[in-house]
Amino acid sequence: MFCIYCGKQITDGEFCPHCGKRIALSQTNYQPDPQAQILGDVYDQLLQVQAQKKAFHQSEINSLDNAIHHFSQKKAEFDEYESVCNLVNYYAKGAKKGLIVWGAIIVSIGFLILYSALTGRVVQEDKVTDILLLSVIPGLLMIVGGISMQINNRKKYTAYQEQCANLLQELYIHYTKYPNCPVGPEYTNPKILVRIRNILISGRADTIKESINMLISDSNQDSINQSLAITSMSLASIEEIIRKRNPWL
Numbered sequence: 222m223f224c225i226y227c228g229k230q231i232t233d234g235e236f237c238p239h240c241g242k243r244i245a246l247s248q249t250n251y252q253p254d255p256q257a258q259i260l261g262d263v264y265d266q267l268l269q270v271q272a273q274k275k276a277f278h279q280s281e282i283n284s285l286d287n288a289i290h291h292f293s294q295k296k297a298e299f300d301e302y303e304s305v306c307n308l309v310n311y312y313a314k315g316a317k318k319g320l321i322v323w324g325a326i327i328v329s330i331g332f333l334i335l336y337s338a339l340t341g342r343v344v345q346e347d348k349v350t351d352i353l354l355l356s357v358i359p360g361l362l363m364i365v366g367g368i369s370m371q372i373n374n375r376k377k378y379t380a381y382q383e384q385c386a387n388l389l390q391e392l393y394i395h396y397t398k399y400p401n402c403p404v405g406p407e408y409t410n411p412k413i414l415v416r417i418r419n420i421l422i423s424g425r426a427d428t429i430k431e432s433i434n435m436l437i438s439d440s441n442q443d444s445i446n447q448s449l450a451i452t453s454m455s456l457a458s459i460e461e462i463i464r465k466r467n468p469w470l
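Number 441 in the numbering used here belongs to position 220 of the sequence shown; there are no gaps in the numbering.
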């Protein structure tokens with residue numbers, strides 16, 4: 222017996238198991254239309270593709286769930302790493318705001334001293350020498366202050382860089398303990414993984430790769446893009462840092 226709608230062979234029953242159409246038993250004893258059989262085959266293939274796509278989509282979600290569970294164990298370290306990276310970037314620029322404030326203070330003091338000298342409120346004899354001397358003092362203070370700030374800035378930069386490297390090594394070791402990780406190390410921050418998963422669940426993307434691309438291109442994810450910019454580091458770069466710190470590995 223054959224279904225009059227899809228042309229597939231069926232057994233006794235009220236509904237076709239292939240297309241789901243309701244069929245009267247009197248309609249089953251006929252020679253199937255070749256065109257209906259072709260359409261039936263196409264319909265079956267579409268159903269198979271849809272089922273496979275749905276199963277793969279769910280497997281991608283399950284894979285992210287497992288990754289989130291694994292990397293959430295280091296959530297505190299990820300947060301600390303991001304914070305320290307911000308400090309490294311800040312001191313890498315030389316803490317220019319502090320230097321500008323210091324310069325403004327010294328210039329103001331120098332202006333007041335020079336004004337007092339010119340108006341005779343500070344010195345009465347040999348004004349030329351005193352004016353030159355009082356004009357040089359602010360400059361010297363600015364130089365000394367600038368050098369001191371640079372030295373202090375370099376110390377803090379080195380300290381935070383070392384702390385960042387320690388955290389990076391710890392996070393990388395944790396990354397290596399998760400075989401076949403579905404994302405690169407730069408996306409293993411739990412809050413980034415959750416965003417990738419949310420995009421996947423919403424149906425905006427079918428795969429993890431598509432979800433990541435959508436996350437990066439989404440203009441409404443400024444905070445996540447900032448986090449990605451901070452933690453974005455290729456696997457080769459991470460391995461290079463670990464290798465320099467631990468030549469025996």
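Backbone N, C-alpha and C define an ideal beta-carbon position, used for all residues, glycine too.
* Mark Arg-375 as exposed unless 16 or more other C-beta atoms lie within 10 angstroms of its C-beta, in which case mark it buried. => exposed
* To do: Would you kindly check if the distance between the Cβ of Leu-388 and the Cβ of Val-305 is under 9 Å?
  => yes
* To do: Determine the extent of the alpha helix (DSSP H) in which Glu-431 is found, giving its start and end residues.
  => 429–438
* Asked: Just how far apart, CA to CA, sit Gln-384 and Gln-294?
  -> 19 Å
* To do: Take every Cβ of the region 412–429, pair it with every Cβ of the region 280–291, and state whether three or more of those distances are shorter than 8 Å.
  => yes
* Looking at the unbroken alpha helix (DSSP H) that takes in Cys-237, where does it start and where does it end? -> No alpha helix (DSSP H) holds Cys-237; DSSP gives it neither H nor E.
* To do: Output yes or no for whether 9 Å exceeds the beta carbon distance between Leu-285 and Leu-421.
  => yes
* Look at the Cβ atom of Leu-308, then the Cβ atom of Tyr-381, and state whether they are nearer than 9 Å. => yes
* **Secondary structure of Cys-306, DSSP reduced to three states** => helix
* Asked: Hey, would you say Pro-406 sits closer than 9 Å to Tyr-396, going by beta carbons?
  -> yes
* How about Phe-299 and Asn-410: are their beta carbons less than 9 Å apart? -> yes
* If you follow the alpha helix (DSSP H) that Ser-423 is part of, which residue opens it and which one closes it? -> 411–423
* **Whole-angstrom distance between Asn-373 and Arg-425, CA atom to CA atom** => 49 Å
* To do: Using the Cα positions of Ile-368 and Asp-439, report the straight-line distance between them to the nearest angstrom.
  => 43 Å
* To do: Would you decide whether Ser-432 is buried or exposed? Buried here means 16 or more other CB atoms lie within 10 Å of its CB.
  => buried
* To do: Could you check the C-alpha separation between Thr-176 and Ala-272 for me, to the nearest Å?
  => Coverage of the chain is limited to positions 222 through 470, which leaves residue 176 absent and any answer about it impossible.
* On the three-state DSSP scale, how would you describe Ala-380? -> helix
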